[in-house]
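For what it's worth, my numbering labels the leading residue of the sequence shown as 694, then goes sequentially. Ideal Cβ positions, reconstructed from N, Cα and C, are used throughout, including at glycine. Scroll down for the structure; my scribbles are underneath it.
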Amino acid sequence: MSEQRLDVMGVSGLSSKTISKQSITNNKIYSMQAVSSSKSPGNCITGYDMVAAITQDTINLQLLLLWDLLDEECRKMKWEYTLKHGRFTLNYSFEGEMDAPEVILGTSKAPNFQVKLALNIPEGTLTYGVGEDKDSVTISDWKYVFDVDVNFAQIEQDHIQNSIAVPDVVKNMLHKFNDECFTIRHLLMDFQNANIANYDEVESKITLSEDFTEDDLISFQTGLTKYFRDLAETDHPFVLGYSIEEKTPDSDPSIPPTFTPTGGTYWIFFEEDESKRSQSTLNFLLTTDTVKKPLPYPTKPNFNNNWVSSNEYDGRFVLAKSLFFGEFILPKLQEALGHYITGERKGDDSILIKKSGLEWTLTESPEKGSSRWKYTYDKTFNWNAKDVEVWAVVKNVPIEVDHWITNKFWFTVELGESTSSNTLPIKLNGEFYVHHEFLCHPLGFTNERMSLSAKVGWEGTIDVTCGTQGVIELKPSISFKETVINHDGNFWGDIDQALLERNVKGLENNATWIKSQYEKEVNDLLNLFAPLGNRFVLPAGGVFAFKNPEFDDFQNLLFDITYKTEGLPSDTDNEIVSKKDQITSPIDERGSKSLPIKNLPIKNLPIKNLPIKNLPIEIIEKVRSFK
694 MSEQRLDVMG
704 VSGLSSKTIS
714 KQSITNNKIY
724 SMQAVSSSKS
734 PGNCITGYDM
744 VAAITQDTIN
754 LQLLLLWDLL
764 DEECRKMKWE
774 YTLKHGRFTL
784 NYSFEGEMDA
794 PEVILGTSKA
804 PNFQVKLALN
814 IPEGTLTYGV
824 GEDKDSVTIS
834 DWKYVFDVDV
844 NFAQIEQDHI
854 QNSIAVPDVV
864 KNMLHKFNDE
874 CFTIRHLLMD
884 FQNANIANYD
894 EVESKITLSE
904 DFTEDDLISF
914 QTGLTKYFRD
924 LAETDHPFVL
934 GYSIEEKTPD
944 SDPSIPPTFT
954 PTGGTYWIFF
964 EEDESKRSQS
974 TLNFLLTTDT
984 VKKPLPYPTK
994 PNFNNNWVSS
1004 NEYDGRFVLA
1014 KSLFFGEFIL
1024 PKLQEALGHY
1034 ITGERKGDDS
1044 ILIKKSGLEW
1054 TLTESPEKGS
1064 SRWKYTYDKT
1074 FNWNAKDVEV
1084 WAVVKNVPIE
1094 VDHWITNKFW
1104 FTVELGESTS
1114 SNTLPIKLNG
1124 EFYVHHEFLC
1134 HPLGFTNERM
1144 SLSAKVGWEG
1154 TIDVTCGTQG
1164 VIELKPSISF
1174 KETVINHDGN
1184 FWGDIDQALL
1194 ERNVKGLENN
1204 ATWIKSQYEK
1214 EVNDLLNLFA
1224 PLGNRFVLPA
1234 GGVFAFKNPE
1244 FDDFQNLLFD
1254 ITYKTEGLPS
1264 DTDNEIVSKK
1274 DQITSPIDER
1284 GSKSLPIKNL
1294 PIKNLPIKNL
1304 PIKNLPIEII
1314 EKVRSFK
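Okay, structure coming up:
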């Protein structure tokens, strides 16, 4: 099967009624994006380890798809409340039709920290009165828009300064990040920080008829506030995540904690150009160790460029250079190559010792204008021994030997360019060089200086790939050149030949050992990355695939996020089965699957069963948002 991408060009204004009237086949609605846009300039990331940037259109598409799964009853807005007025008790109720909600990222007042939620109400009736004596007023084609503050770091500070308990949803986001934090429900804080009563008069479309007074509007707003407060305890889509995903399993202990988010917050890149407004992005700013690296406060990532610069893809996932290279790739390579040779006197004899843990010196880095990192190690050890094992000419006369052994190692890491749409190489090369020099004093009256050296060069790559399933993997490879052994000096008799032979054998063994240790460490690198795909897919569960890895100008690692349609049901599919409850539901008159929300945990619905084919033709038209 192949991967395809849904070409999202603006999804606002698409009502459930429109969806019920129009549907088209997968062949007409999907378009494959095989290549990325031009190289991204990227942004300098300071204080954060990862960024997931999702466009406004992508979020709204997910809400629309989720909405299309609901049965008719779940599409209705129903609420009621009572209000004491003197000795009278006023009863208020509302019942109306709803279309899929819409999210607007950024406002003129707070472009980086406010989200607008638009409720689309085609029709409804507000009823109020005392006892049986009730009046009613109707509304039609309303769009009710209100603001939600998503500056979680500031919300926490404000609550602390005012001695108010910080909402759990804020504390979890900032300090105990988990998969639920990647949801619209979490973004909107279960509406704990929403100013529902103060609607946006510019973005909203509220037409007051002659019989619908300002008092009626206040009553409607009061009821709406209660409605959302009650919804916070349900799985209604207004507070459900924007992705339909299987429940994430418990953390895999083999996944390096390096890539597990522990804290995060939001920041919005607001496109001021109205023609690009739908490409505004919600940025998840993530850290992986909030104990050692607390989230920066205030939240000012100062991104000069939108991570998403084209509608060819639906979002971007970014691994900061400080995380991917600074905390993972470079330390692993240093560990893999951190084996050296020294020696010491043991009794009267001299022995060679293999050790680990050398300290590399960074001599070249991208910050200094280079496109690569270069590390070097150069150190000499010396000792003296009486190499009694090589007595050969004169019995019982120890041979004094002064030893010097030098390790000269280097390796480079150079960022390559994509060789295909889904493979990005990291180029490696280096050399191990060991030089052993010794000064012999046979019979105590002559000096002989001799030297041995062993050298082996190597090169390799670490390919960053996105396979056919759109999952990120690392594929390392390594090759070694033939070990070169040289010797030189004033060799004298059997004594020196025995010493030479022993040291040549020692250096050859150690060169072989270094090679085997490196190969082991590189294989460990591959094994550690094998289970990381699921962790990377957090921003949208099983909905998104990753493509087109590239390095930006700041050496961050970027991936395009595209909509994954592989495994969707064919036109002959007649049911949707929840993996958890094995619930089936017939096709209703709209031609899509009707799933009673009360019976089905929608967020656990496998994406492969999502009836995405029943989408309106307007999705692929350039209908821009909220005009």
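Report back the beta-carbon spacing between residue i and residue j to the nearest angstrom; my notes put them in contact at under 8 Å.
i, j, result
"residue 748", "residue 1001", "5 Å"
"residue 1095", "residue 1131", "6 Å"
"residue 1068", "residue 1101", "The pair is not a contact, with the Cβ atoms about 12 Å apart (cut-off 8 Å)."
"residue 734", "residue 963", "Not really, about 18 Å apart at Cβ, beyond 8 Å."
"residue 746", "residue 976", "5 Å"
"residue 1166", "residue 1158", "5 Å"
"residue 1013", "residue 834", "That belief does not hold up - the Cβ atoms of residue 1013 and residue 834 are roughly 46 Å apart, past 8 Å."
"residue 1108", "residue 1244", "5 Å"
"residue 825", "residue 789", "About 22 Å separates the two Cβ atoms, so there is no contact after all."
"residue 814", "residue 837", "7 Å"
"residue 1031", "residue 1043", "At roughly 24 Å, the Cβ-Cβ gap does not stay under 8 Å, so residue 1031 and residue 1043 are not in contact."
Please name the residue in the options whose C-alpha comes closest to that of residue i.
i, options, result
"residue 1046", "1009, 1099, 790, 797", "1099"
"residue 1106", "1143, 1014, 742, 1154", "1154"
"residue 774", "736, 814, 740, 823", "823"
"residue 1202", "1251, 771, 1146", "1146"
"residue 921", "1038, 1129, 839", "839"
"residue 777", "816, 767, 860, 912", "912"
"residue 973", "988, 953, 998, 954", "998"
"residue 1175", "1198, 1149, 1167", "1149"
"residue 846", "1039, 742, 1074, 989", "989"
"residue 1177", "1205, 955, 1030", "1205"
"residue 1059", "868, 896, 1015, 979", "1015"
"residue 1122", "1052, 869, 1026, 1129", "1026"
"residue 859", "865, 849, 867", "849"
"residue 807", "958, 1198, 1251", "958"
"residue 1040", "1172, 1080, 856", "1080"
"residue 994", "1004, 1003, 1078, 978", "978"
"residue 1198", "1253, 1238, 1129, 1255", "1129"
Can you list, in chain order, the residues of its chain whose CB lies under 8 Å from that of residue i, leaving out five sequence neighbours each side?
i, result
"residue 1112", "1118"
"residue 1018", "1066, 1106, 1248"
"residue 1070", "1033, 1051, 1052, 1053, 1054, 1100, 1101, 1102, 1103"
"residue 996", "736, 960, 962, 976"
"residue 1057", "1063, 1065, 1066, 1067, 1105"
Assuming residue i is part of the beta strand (DSSP E), what are its boundary residues?
i, result
"residue 1155", "1141-1159"
"residue 1349", "What the structure shows of the chain is the stretch from 694 to 1320, and residue 1349 is not part of that stretch, so it cannot be assessed."
"residue 793", "781-798"
"residue 830", "826-842"
"residue 1178", "1177-1182"
"residue 1165", "1165-1173"
"residue 1033", "1032-1039"
"residue 1107", "1093-1108"
"residue 976", "974-980"
"residue 961", "956-962"
"residue 1119", "1116-1134"
Is residue i helix, strand or coil when you go by DSSP?
i, result
"residue 923", "helix"
"residue 1060", "helix"
"residue 863", "helix"
"residue 854", "helix"
"residue 1235", "Residue placement at residue 1235 is flagged as unreliable, the pLDDT there being 42, under the threshold of 50; the coordinate-derived value follows with that caveat. Note: residue 1235 maps to coil in three-state DSSP."
"residue 905", "coil"
"residue 767", "helix"
"residue 1202", "helix"
"residue 733", "coil"
"residue 1079", "strand"
"residue 751", "helix"
"residue 1251", "strand"
"residue 1007", "coil"
"residue 1049", "strand"
"residue 1015", "helix"
"residue 1066", "strand"
"residue 846", "helix"
"residue 1244", "strand"
Short of 6 Å in beta carbon distance, which residues of its chain neighbour residue i, apart from the five on each side in sequence? Order them along the chain.
i, result
"residue 1289", "Here the model assigns residue 1289 a pLDDT of 31, short of 50, so the residue's position is not dependable, and the following value carries that caveat. Within the same chain, residue 1289 has close Cβ partners 764."
"residue 1181", "1144"
"residue 901", "none"
Taking the alpha helix (DSSP H) that residue i falls in, what are its first and last residues?
i, result
"residue 661", "In the structure as shown, the chain starts at 694 and stops at 1320, and residue 661 therefore has no counterpart that could be examined."
Which same chain residues, not among the five before or five after residue i, have their C-beta less than 7 Å away from its C-beta?
i, result
"residue 904", "830"
"residue 923", "none"
Hey, is residue i close to the ligand GTP, as in C-beta under 7 Å from one of its heavy atoms?
i, result
"residue 1117", "The ligand GTP is absent from the structure shown, which contains no ligands of any kind."
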